Amino acid sequence: MKNTLYYILIFYSILSCISKQDKTWEELNKSNDHTKFIPYLLNNTNSSNFEKALDKYYFYKNEYIKNNMPPPIDCFSSCVTIEINRNGEIFFRDENVQIDTLKGRLMEFINNEKKLPDLPSKDIITDNQNIERKISRAIFEITYHESQIEKLKSILQVINNSLNEYSRYLSNSWFNKEFENLNSKNQKLIDSITKSKVRIRKAKDFELKVPPPPEINLDSF
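Printed below as a string of structure tokens:
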């Protein structure tokens, strides 16, 4: 009996999750703002609508670029490129890395606790109560080979976990509360800041990093 009840609860939990995803997708599907699709892609990597959302992100992003002056390139130390090549290998700041080490590197990059000059500085923003707050200028730019959608999803999951951790950090720093205990207005404020820090781009083979060939041991000749 207990096992039956347990499985029933799991079943309804899954249905509730799917229903919530579908509702979010229906609302998002009405938007033509490419930036609105990034939070969905971060939060719903397992959704059946993931690739549709990705296609719409590209479409509306291209439309925006066609109709607007492109923004100035002023990233410098605030932008980090994460690349996924045809073989599924990951490059973080031009270094070939394993996915299980990525979260630590992302948090080090976004926090920059030692205030290193080659890592992001801070911006000052005004919150809902007109109080000035500090926020990292970090931007994550993901470039991936079109055959590596599953690896892209894995990277987005890691980035999403990192941004959720950063949201919790901001919640405690700004409001002295856990993120879950904030009112919805402040939660949306923090989410709108952290979840806007991602850019996604599909690339051709020649634009992506290729691991260096193994070193030749000249002593063996």
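Numbering (the numbering used here) for the sequence shown: 20 to 240. For glycine and all other residues, C-beta sits at the position ideal for the given N, C-alpha and C. Since the model is a prediction, treat every value here as computed from it, not as a measurement.
query: Spatial neighbours of Thr213 in its chain, beta-carbon cut-off 7 angstroms, leaving aside the 5 residues before and after; result: Leu182, Tyr185, Ser186
query: Runs of beta strand (DSSP E) wholly within the region 130-203 (minimum 3 residues, chain order); result: 141-145, 151-155, 158-164
query: Nearest-angstrom Cα separation, counted from Trp193 out to Asn149; result: 12 angstroms
query: Under the three-state DSSP convention, the category Glu102 falls into; result: strand
query: Given Glu45 as reference, the closest of Leu61, Glu108, Lys170, Lys71 once Cα atoms are compared; result: Lys71
query: Rounded straight-line distance, which links the Cα of Tyr77 to that of Asn51; result: 11 angstroms
query: Residue burial classification, Pro136 (beta-carbon count within 10 angstroms, cutoff 16); result: exposed
query: Sub-8 angstroms separation of Thr162 and Glu102 beta-carbons; result: yes
query: Residue of Asn130, Lys172, Tyr59 minimising C-alpha distance to Lys153; result: Asn130
query: Best match in Lys204, Ser155, Ser211, Ile219 for proximity to Glu165 [C-alpha to C-alpha]; result: Ile219
query: Pro139 to Val116 span [Cα, whole Å]; result: 20 angstroms
query: Contacting residues, own chain, Cβ-Cβ under 6 angstroms from Phe111 (five flanking each side not counted); result: Ile101, Arg124
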